[in-house]
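Numbering (my numbering), first residue to last: 430 to 632. C-beta atoms are modelled at their ideal positions from N, C-alpha and C, and glycine is treated no differently. Remember, predicted model here, so these are calculated numbers, not experimental data.
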């Protein structure tokens, strides 16, 4: 059972910050050397969102889940600040791959935390929606990028080269919208959660 009531305004505001932060990270690109929609701003927004959420009541695993998410978000922000603007030293490549795994794990655990929060407060529609969000993030982000980090890590350890580049602009245009699907569904899950919290007594 949850320890107390949910603050609808805090939950929704925090989830909106996470949504916009995630969107900025996906949209990040450079124009004449200037980073448009900077990843640093995106991760900062995500951090501003996850910390208030961690203080909300949830299931028995909520605090542990959100502690992991907080660590992953802060580490990702620090990594972006330290290594996002300059060439990565080759000696740190392995560490960066490991931090990439941490980021992916943080995304998955965040969705699990929100699903459990909804379940703990009997928000059945929201629980189902967050389950779908979780599946989308696992299928579109965690598995593909997890394999990428795995192959890259193996190449670093074995001393071989691993390069994966998509040089076809048309293919990039076709693939890019797929990465927006989980983020859009996160927004949908947030809206459903807001509607459900305001229509039922959350205890």
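*Check residue 575 in the structure and name its three-state DSSP category.*
Within the chain shown, the letter at position 146 stands for residue 575. Note: residue 575 maps to helix in three-state DSSP.
*Determine, using beta carbons only, whether residue 485 and residue 546 come nearer to each other than 8 Å.*
Reading the chain shown from its first residue, position 56 is the one you call residue 485. Reading the chain shown from its first residue, position 117 is the one you call residue 546. Their beta carbons are under 8 Å apart, which means residue 485 touches residue 546 by this criterion.
*How many Å lie between residue 444 and residue 525 at the Cα?*
For the purposes of this step, residue 444 is taken as residue 15 along the chain shown, with counting starting at 1. For the purposes of this step, residue 525 is taken as residue 96 along the chain shown, with counting starting at 1. In a straight line, the C-alpha of residue 444 is about 27 Å away from that of residue 525.
_Contacting residues, own chain, Cβ-Cβ under 7 Å from residue 617 (five flanking each side not counted)_ = Here the question's residue 617 lines up with position 188 in the chain shown. Result list for residue 617: 558, in chain order.
*What are the boundary residues of the alpha helix (DSSP H) that residue 619 is part of?*
Within the chain shown, the letter at position 190 stands for residue 619. Segment 598-628, the alpha helix (DSSP H) holding residue 619.
*So, is residue 461 buried or exposed, given that buried needs 16 or more other C-beta atoms within 10 angstroms?*
The count along the chain shown starts at 1 and reaches residue 461 at position 32. Because the pLDDT of residue 461 is 43, which lies under 50, any placement of that residue in the model is unreliable, and the question is left without a value.
*Mark residue 511 as exposed unless 16 or more other C-beta atoms lie within 10 angstroms of its C-beta, in which case mark it buried.*
Residue 511 sits at position 82 when you count from the first residue of the chain shown. Its Cβ having fewer than 16 others within 10 Å, residue 511 is exposed.
*Is the stretch 468-482 in contact with the stretch 490-507, if contact means three or more CB pairs nearer than 8 Å?*
yes
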